[in-house]
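Heads up: the sequence shown is residues 6 to 104, going by this note's numbering.
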Amino acid sequence: MSDLSDDTIEHLARLSRISVTEADKKILYQDLNRIVDFIDLLEQVDTEGVATCDFVHKHHKHLLREDKVKDMLPRDEFLKNAPDHMGGMVKVPPIIKKE
């Protein structure tokens, strides 16, 4: 069984920047408990003698293209692709808000 508490749920909500009602806390507590219990169950599986799952890297060719350095786009052409811009820079929504 996990060591989840109301404080843990509230801490995770603050880190995730989500508001959590009392009903949400109960649901999150149940869901997180099931996840942690499943991980505990997986840790009990005996993997002694089981080969690692690295066959993909050994037998498959890397399918991504090789990176090549090219000249930069002119600023005005680059800004044509931006959904919003201001003063020659890409304008993005704020991600940190004061509480």
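Quick reminder that beta carbons are idealized off the backbone N, C-alpha and C, glycines included. Remember, it's a predicted structure, so these values are computed and weren't measured experimentally.
Under the assumption that residue i contacts residue j (Cβ atoms under 8 Å), give the Cβ distance between them as a whole number of angstroms.
i, j, result
"Leu9", "Asn38", "6 Å"
"Val25", "Ile40", "With a Cβ gap of about 17 Å, Val25 and Ile40 do not count as contacting."
From residue i to residue j, what does the alpha carbon distance come to, in whole angstroms?
i, j, result
"Leu78", "Lys85", "11 Å"
"Gly92", "Leu17", "38 Å"
"Val74", "Phe43", "45 Å"
In this structure, what does DSSP give as the bridge partners for residue i?
i, result
"Met77", "In DSSP, Met77 forms no bridge with anything."
"Val95", "His90"
For a test of the three-state rule: what should DSSP assign to residue i, helix, strand or coil?
i, result
"Val41", "helix"
"Thr52", "coil"
"Asp11", "helix"
If contact is defined by three or more beta carbon pairs under 8 Å, each pair taking one atom from either stretch, is the segment 47–54 in contact with the segment 20–36? no
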